[in-house]
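This report refers to the structure that appears directly beneath it.
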Amino acid sequence: MDFQQARHNMIEQQVRPWFVTNARVLNVMQEIARETFVPPQYANLAYCDTDIPLSEAQTMLAPKIVGRALQALNIQASDTVLEIGTGTGYITACLGRLAAQVISIEIFETLLTVAQRKLSGNREMEHVLLKQGNGLEGYEPQAPYDAIFITGALPLGVPDTLCQQLNEKGGRLFAFCGQAPAIQAVLIERNQNNFVTRSLFETAVPTLLHAAQPEKFVF
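Quick note on numbering: the sequence shown equals residues 0 to 218 in numbering that gives the first Met the number 0.
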């Protein structure tokens, strides 16, 4: 399989048509070999318009979702970014090329080990810190963050703990909020103590482990 051609087709046939026009985002997605972050048995699906199964009942987000999220976050070369849910490290690699510093938190040791191996030796790792833990608590030692990317769904919305770790002067947070079949991708922007939430699109992604769940009524 010609992965370079497949990567080009991914950009032109999936990412651009989904209203991703940011040149830095498109260039990063064109440069990074997505197939190296996909489980070997799914390598032929690396550039397909689909989520890809990972271990621990997790998934790798479809390319167009990644593109829209990165564009919404509008990451600058001087930014410090927090990623919650490292997975196999693909989004981490993209963030590593877009930002000055990236902290990525993964709760599953198996996935974190895979991400460390995939990212090892890449130039992105020079300013990427991988941590194991519950990302819903954020990572206070490196706060505030110019951007936060939450890669799993939050049924009850974004915890205030994470919003408070945003930079007061224009911090941005991308998240998936709600429950299937109506999960909304949202962008939260902070200006001092004001937080503005904007809905971007509907999608379906797995729920983040330890995310708060709505109460179940018993009749």
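The beta-carbon is built from N, C-alpha and C at its ideal position, and this holds for glycine as well.
If we ignore side chains and look at the alpha-carbon of each, how far apart do residue i and residue j end up?
i: valine 80; j: asparagine 133; result: 16 Å
i: proline 52; j: methionine 59; result: 6 Å
i: asparagine 192; j: glycine 170; result: 11 Å
i: isoleucine 10; j: glutamine 29; result: 7 Å
i: leucine 165; j: aspartate 159; result: 10 Å
i: alanine 31; j: phenylalanine 194; result: First, the residue type needs correcting, since residue 31 is isoleucine and not alanine in the sequence shown. Going from the Cα of isoleucine 31 to the Cα of phenylalanine 194 covers about 33 Å.
i: asparagine 73; j: valine 24; result: 9 Å
i: alanine 114; j: glycine 156; result: 27 Å
i: valine 19; j: glutamate 167; result: 27 Å
i: leucine 135; j: leucine 172; result: 13 Å
i: aspartate 50; j: glutamine 70; result: 19 Å
i: alanine 179; j: valine 65; result: 19 Å
i: cysteine 162; j: arginine 189; result: 8 Å
i: valine 27; j: alanine 211; result: 33 Å
i: leucine 94; j: arginine 122; result: 12 Å
i: tryptophan 17; j: glycine 151; result: 20 Å
Contact check, residue i vs residue j under 8 Å by CB: the rounded distance?
i: alanine 22; j: arginine 33; result: Not quite, the Cβ-Cβ distance comes to about 19 Å (not below 8 Å), so this is no contact.
i: alanine 181; j: leucine 153; result: Contact flag wrong, Cβ pair sits at about 13 Å.
i: histidine 126; j: alanine 99; result: 6 Å
i: alanine 56; j: proline 205; result: 7 Å
i: leucine 208; j: isoleucine 106; result: 5 Å
i: lysine 117; j: threonine 35; result: 6 Å
If I measure Cβ to Cβ from residue i and keep anything under 7 Å in the same chain, skipping five residues before and after, which residues do I get?
i: tyrosine 138; result: Leu81, Ile102, Ile104 and Lys130
i: serine 224; result: This structure gives no information on residue 224, because the portion of the chain shown stretches from 0 to 218.
i: methionine 0; result: Asn43
i: aspartate 78; result: Ala98, Ala99, Asp145 and Ala146
Mapping the DSSP letters down to three states, classify residue i as helix, strand or coil.
i: valine 195; result: strand
i: tyrosine 144; result: strand
i: cysteine 47; result: coil
i: proline 213; result: coil
i: asparagine 21; result: coil
i: glutamine 163; result: coil
i: phenylalanine 36; result: helix
i: threonine 112; result: helix
i: threonine 91; result: helix
i: glutamate 105; result: strand
i: valine 157; result: coil
i: asparagine 133; result: coil
If I measure Cβ to Cβ from residue i and keep anything under 6 Å in the same chain, skipping five residues before and after, which residues do I get?
i: isoleucine 149; result: Ile83 and Ala174
i: alanine 177; result: Reading off the sequence, residue 177 comes out as glycine, not alanine. Here the set comprises Gln183.
i: serine 198; result: Gln183 and Val185
i: leucine 128; result: Ile102
i: proline 39; result: none
i: threonine 112; result: none
i: alanine 142; result: Gln164
i: alanine 240; result: What is shown of the chain runs 0 to 218, which leaves residue 240 out entirely.
Please go through the same chain and pick out, in chain order, the residues whose beta-carbon is closer than 8 Å to the beta-carbon of residue i, but skip the five residues on each side of it.
i: phenylalanine 283; result: Outside the displayed range of the chain (0 to 218) lies residue 283, so it cannot be described from this structure.
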